[in-house]
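Below is one structure, written out as structure tokens; comments come after it.
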């Protein structure tokens, strides 16, 4: 059963679009829905993104005197959505072709043609196509799709790319509708090249560039990995937000491809194929800014390629963006920064790690000193080659001396207490406690002296000491009784037997068992602290944060 009713005759609008129409915030629209009982009810969409009938909304806004005339842009968008539904890329391409050629493509509805003409006549073709592209990006973002690069990621890539020379050559091998490629380069002068596997997206990207006056833009159609249309291109800057999680990126057909400078990616590491494809198209001294899932930094399958990127000095920086930067999920994503050395001596000697994950996705992208770390290559080349920025940023800001003093003090205290917990025991008569008169725990339970909790039995009588009971339950004889033929131990409380003793003797034994239990728990803590102290000391001695006392 779907939560979306059958399509209505009239165009539908989202809460965001209502806010834009009325000149208010989306929060104001939410307040209207709660405060006014006559606000139109949703007739489509889902709980998180309801859709409203445009005519009903306009009538309500008019009654409340909150509305304003719908702009041509809004009318055109609604007409396109009514005609193309989920195929808005097809609608964008058809409208862009009409604006570029002056003749309507076959199948373009008359009302869309009229509205597109009027919109372009009023504000210009460039403004019209830019407005439609922005609306499409916003609608896809709200729908939670990876179909286009989110505005937040575009902003981040532009920020970290920095100023781009007007005569620079730019390349995006998975350009989509051109959002990232056209946002990074200078509007005039920069030569931009792109490739996109989806033909209509590629066409719209080219038309978008042409109609907005970007004359030095060439977009090719095709799968960049399988059918590279720019084999001889060497760019000054490569930007890319590639497809992710694609198990069939063409590995079997590309095993001998020369682009794999750092190693052949596995089937599960298509993102590292895109990264190397981008690097292969980078000129000496040129850069790559690639948007990648956070998991690429630590997945086991990509360890060797990550190691080669680090070892050869091609990787210069990884930036972990705040949660919410991507369109379709709240998981953090990274921007990988690569630079092709101009000479052998020009390779990177460290990797800058920036961790912005705790920040506001709409906030400043300038990292504070506490959010950055310069990590030497040798420190990255361990068995895991984990390039997650947060891990290295945290390690770089540790106060090893204070931490080592604290862990040493706790270890000494735990050891002191450990010795004191050993019970005072003397030689016995040599007879096993369970060799004499015993009673089964099942009999004790039937007599009402024992109850079974979630894990272990508990005495409910002043005739039986709980620590005594539990201590003998862990005896060698009872342990053997509770161990299956496969070697699995499961405490069989009801089948166990304990010695028959007077309550005074029970309490003596119970006190000893209780001390042993605490001894074992504290011993485990000592082992844990010892392991942590040794690891901390080695790291501190290796990185210079600690030095032997004179």
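In this note's numbering, the protein residues as written are 34 to 583.
Every residue gets a Cβ at the ideal spot worked out from N, C-alpha and C, and that includes glycine.
Residue i burial status per 10 Å Cβ neighbour count (16 or more: buried)
| i | result |
| --- | --- |
| residue 511 | buried |
| residue 460 | exposed |
| residue 234 | buried |
| residue 202 | buried |
| residue 411 | exposed |
| residue 401 | exposed |
| residue 71 | exposed |
| residue 485 | exposed |
| residue 258 | buried |
| residue 351 | buried |
| residue 339 | buried |
| residue 209 | buried |
| residue 581 | exposed |
| residue 458 | exposed |
| residue 435 | exposed |
| residue 298 | buried |
| residue 574 | exposed |
| residue 53 | buried |
| residue 564 | exposed |
For residue i, the three-state DSSP class (helix, strand or coil)
| i | result |
| --- | --- |
| residue 228 | strand |
| residue 127 | helix |
| residue 192 | helix |
| residue 85 | strand |
| residue 252 | strand |
| residue 204 | strand |
| residue 351 | strand |
| residue 169 | helix |
| residue 534 | coil |
| residue 562 | helix |
| residue 139 | coil |
| residue 495 | coil |
| residue 6 | With the chain running from 34 to 583 in the structure shown, residue 6 is simply not present. |
| residue 155 | helix |
| residue 405 | strand |
| residue 51 | helix |
| residue 388 | strand |
| residue 485 | strand |
| residue 369 | strand |
| residue 269 | strand |
| residue 223 | coil |
Residue j beta carbon less than 8 angstroms from that of residue i
| i | j | result |
| --- | --- | --- |
| residue 246 | residue 238 | no |
| residue 145 | residue 113 | yes |
| residue 272 | residue 190 | yes |
| residue 344 | residue 270 | no |
| residue 240 | residue 129 | yes |
| residue 97 | residue 44 | no |
| residue 85 | residue 121 | no |
| residue 325 | residue 304 | yes |
| residue 82 | residue 47 | yes |
| residue 353 | residue 278 | no |
| residue 334 | residue 380 | no |
| residue 415 | residue 331 | no |
| residue 213 | residue 187 | yes |
| residue 368 | residue 322 | yes |
| residue 91 | residue 148 | no |
| residue 87 | residue 151 | no |
| residue 310 | residue 232 | no |
Cβ shell of residue i (< 7 angstroms), same chain only, five flanking positions each side left out
| i | result |
| --- | --- |
| residue 552 | 451, 454 and 455 |
| residue 385 | 349, 350, 405 and 407 |
| residue 153 | 132 and 161 |
Own chain, CB closer than 6 angstroms to residue i, minus 5 neighbours either side, in chain order
| i | result |
| --- | --- |
| residue 307 | 275 |
| residue 49 | 59 |
| residue 578 | 433 |
| residue 185 | 358 and 394 |
| residue 89 | 73 |
| residue 373 | 315, 317 and 319 |
| residue 218 | 197, 203 and 225 |
| residue 477 | 483 |
| residue 336 | 418 |
Cut-off 8 angstroms between Cβ atoms - residues of its own chain near residue i, not counting five sequence neighbours on either side
| i | result |
| --- | --- |
| residue 192 | 398 |
| residue 430 | 403 and 406 |
| residue 482 | 492, 493, 494, 496 and 497 |
| residue 469 | 532 and 533 |
| residue 448 | 559 |
| residue 536 | 495, 496, 497 and 498 |
| residue 566 | 437, 440, 441 and 444 |
Nearest-angstrom beta carbon gap, residue j and residue i [assumed within contact, 8 angstroms]
| i | j | result |
| --- | --- | --- |
| residue 133 | residue 251 | Contact flag wrong, Cβ pair sits at about 16 angstroms. |
| residue 141 | residue 159 | Their Cβ separation, rounded to whole angstroms, is 20 angstroms, which puts residue 141 and residue 159 out of contact at 8 angstroms. |
| residue 341 | residue 296 | 6 angstroms |
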